[in-house]
Amino acid sequence: MIKILTVIGARPQFVKAAAVSSVFAEKGSDVQEILVHTGQHYDKDMSEIFFNELHIPKEKYNLNIGSGSHGDQTGRMLSALEKVVMDEKPDMLLIYGDTNSTLAGALVASKLHIPCAHVEAGMRSFNRMMPEEINRVVSDHVCQINFCSCDVAMKNLANEGRAHTGVLVGDVMYDCALKFAGLAAKLYAPFEKFQVKAGNYVLMTCHRAENTDDPERLKSIINAAGKLSAEMPVLFPIHPRTKNFIEKYSLTVPETLKLVPPVGYLEMVLLEKSAGLILTDSGGVQKEAFFYDVPCVTMRDETEWVETVECGWNILTGASYEKILDTSLNFLKKKPAKSGRAPYGDGHASEKILAGIKNYLKK
Ligand code: UD1
Ligand code: UDP
446 MIKILTVIGA RPQFVKAAAV SSVFAEKGSD VQEILVHTGQ HYDKDMSEIF FNELHIPKEK
506 YNLNIGSGSH GDQTGRMLSA LEKVVMDEKP DMLLIYGDTN STLAGALVAS KLHIPCAHVE
566 AGMRSFNRMM PEEINRVVSD HVCQINFCSC DVAMKNLANE GRAHTGVLVG DVMYDCALKF
626 AGLAAKLYAP FEKFQVKAGN YVLMTCHRAE NTDDPERLKS IINAAGKLSA EMPVLFPIHP
686 RTKNFIEKYS LTVPETLKLV PPVGYLEMVL LEKSAGLILT DSGGVQKEAF FYDVPCVTMR
746 DETEWVETVE CGWNILTGAS YEKILDTSLN FLKKKPAKSG RAPYGDGHAS EKILAGIKNY
806 LKK
């Protein structure tokens with residue numbers, strides 16, 4: 446039996462872990478998985494709903510770290526996680542993505558000389574002002590296995606002298622997209638609830654620190670989305686971070702912009718699939734737009750998911766009012782031609798991750 450200690454803590458990590466944990470739980474997998482939730486995300490609609498809907502096994506430990514500045518939050522994670530790892534003595538740690546919970550897992554494993562595997566490794570924005578970029582680079586450099594979603598990620602690792610750690614498996618969020626879309630359609634009817642018509646609304650998310658923490662950028666984004674909502678309903682499940690900053694900066698949200706609390710993954714999948722357009726700064730939502738053939742406007746100056754841009758389904762606008770508005774209106778008038786590209790694997794990344802871990806530990 447292999448003992449794997451998985452560290453998760455933020456919304457996108459629950460989605461990613463759902464795919465892999467279900468493979469670990471299969472009969473004959475030979476894996477005992479210990480789930481550790483750092484508590485980075487703690488609201489019911491940012492955490493618990495994902496465990497319930499996606500049947501993620503309940504965590505054995507919740508470190509209850511909560512929010513804080515980067516140093517404070519990550520520091521408390523390091524201290525609490527180290528104790529758990531010393532007690533559990535796993536064969537390997539498993540971490541996902543690029544949050545502070547990812548970084549804490551990578552650092553604890555490396556200091557305790559326990560091998561660590563990083564899922565969604567090798568992604569780069571080449572913008573070191575992003576906290577996520579620092580978390581990715583450090584994690585990839587201390588992990589023994591870096592599971593990559595795409596060729597670009599493998600190349601990024603190679604450029605940093607880490608080619609020997611890279612294993613191309615595909616993207617676990619694509620596994621989830623295939624696995625849960627059918628279930629979502631059986632359980633939810635979100636269009637009535639949110640009073641939108643399938644195909645006739647824009648779905649928006651926004652939470653990236655570079656957008657929320659800067660009053661000018663946030664104002665420009667809210668105003669552009671507000672103007673767009675005069676053309677077509679814009680549904681905006683709002684991240685608590687963004688809600689807090691809108692209040693802090695006393696920004697006026699146009700009445701036509703439909704702000705709703707964060708939705709669960711299954712409702713989100715349905716809302717994404719039937720949107721006329723997705724407006725976002727999320728990493729995961731950009732990819733999901735691509736999986737479901739929905740045009741995407743990304744309110745960032747760069748992206749890690751360059752394939753979605755290269756094929757014409759994703760356009761970067763930064764936080765520019767004019768660019769967000771013009772690009773969105775153009776996309777609503779004309780969808781891009783089908784790309785036919787499948788850069789993110791075959792929907793079996795999770796099984797390949799299990800095989801990769803076994804292969805590493807055998808050596
Ligand atoms: C974090 C990740 C980001 C990821 C995002 C996914 C880091 C550095 N950032 O950003 O990469 O894209 O998660 O959603 O790890 N809050 C609540 N309730 C919650 C969680 C957060 O109210 O359950 C509020 C708090 O005011 C908190 C703020 O949101 O200070 C930010 O939360 P935090 O976890 O620090 O970063 P995110 O912006 O969520
Ligand atoms: N998501 C969700 N409900 C929401 C917003 C996002 O279920 O209200 C899902 C989304 O479908 C994707 C993941 O959360 O699977 C992305 O997380 P987020 O945008 O918070 O983080 P990022 O991917 O940018 O790190």
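Using our numbering, the first residue of the sequence shown is number 446, and each one after it goes up by one.
Beta carbons: idealized from backbone N, C-alpha and C, even for Gly.
Bear in mind the structure is a predicted one, so any value in this text is a computation, not a measurement.
(request) Using 7 Å as the cut-off, classify the Cβ of Y541 as near or not near the heavy atoms of the ligand UDP, replying yes or no. (result) no
(message) Since A562 and A598 should fall inside the 8 Å C-beta cutoff, what is the C-beta to C-beta distance between them, to a whole number of angstroms?
(response) That belief does not hold up - the Cβ atoms of A562 and A598 are roughly 14 Å apart, past 8 Å.
(message) So for A470, helix, strand or coil by DSSP?
(response) coil
(request) Mind the definition here: the region 497 to 512 touches the region 460 to 479 only if three or more C-beta pairs lie below 8 Å; say whether that holds. (result) yes
(message) Please report the distance separating the alpha-carbon of G721 from that of L648.
(response) 8 Å
(message) I'd like to confirm the pairing. Which residues does DSSP put opposite M649 in its beta bridges?
(response) L724
(request) Look at V614 and K807 and say whether their C-beta atoms are less than 8 Å apart. (result) no
(request) Rounded to whole angstroms, what's the CA-CA distance from I447 to E733? Just pull it up for me. (result) 32 Å
(request) Under the assumption that L704 contacts S674 (Cβ atoms under 8 Å), give the Cβ distance between them as a whole number of angstroms. (result) About 11 Å separates the two Cβ atoms, so there is no contact after all.
(message) Using the three-state DSSP reduction, which class does P682 fall into: helix, strand or coil?
(response) strand
(message) Could you check whether the region 634 to 643 touches the region 746 to 761, counting it as contact only if at least three pairs of C-beta atoms, one from each stretch, sit closer than 8 Å?
(response) no
(request) Identify every run of the beta strand (DSSP E) within the region 568 to 628, keeping only runs that are complete inside it and at least 3 residues long; order them along the chain. (result) 590 to 593, 611 to 613
(request) Determine, using beta-carbon pairs with one atom in the region 651 to 664 and one in the region 620 to 631, whether at least three such pairs fall under 8 Å. (result) no
(request) Tell me whether the beta-carbon of V481 lies closer than 8 Å to the beta-carbon of L450. (result) yes
(request) Report buried or exposed for G542, applying the criterion of at least 16 other Cβ atoms within 10 angstroms of its Cβ. (result) buried
(message) the ligand UDP and T650: does the residue's C-beta get closer than 7 Å to at least one heavy atom of that ligand?
(response) yes
(request) Report yes if the CB atom of S773 is closer than 8 Å to the CB atom of V742, and no otherwise. (result) yes
(request) Alpha carbon to alpha carbon, how far is A603 from I769? Give it in angstroms, no decimals. (result) 34 Å
(request) With DSSP as the reference, label H515 as helix, strand or coil. (result) helix
(message) Taking its Cβ as the centre, do 16 or more other Cβ atoms sit within 10 Å of T697, making it buried, or is it exposed?
(response) exposed
(request) Compare the beta carbon distance of S795 and D536 with 8 Å and say whether it is the shorter of the two. (result) no
(request) With a threshold of 16 other CB atoms inside 10 Å of the CB of E504, please say whether the residue is buried or exposed. (result) buried
(message) DSSP three-state label for L499, please.
(response) coil
(request) If I'm right that A643 touches S719 with Cβ under 8 Å, what's the distance once you round it to whole angstroms? (result) 4 Å
(message) Let's see if you can read the secondary structure: which residues bound the beta strand (DSSP E) around I559?
(response) No beta strand (DSSP E) contains I559, which DSSP labels as neither H nor E.
(message) If you reduce the DSSP assignment to three classes, tell me which class Q640 lands in.
(response) coil
(request) Please confirm whether G625 and V754 have their CB atoms less than 8 Å apart. (result) The displayed chain sequence assigns Phe, not Gly, to residue 625. No; because the gap between Cβ atoms is not below 8 Å, this pair is not in contact.
(message) Within 10 Å of its beta-carbon, does G454 have 16 or more other beta-carbons around it, so buried, or fewer, so exposed?
(response) buried
(request) Rank G511, V587, N645, R786 by C-alpha distance to the C-alpha of G550 and give the top, closest one. (result) V587
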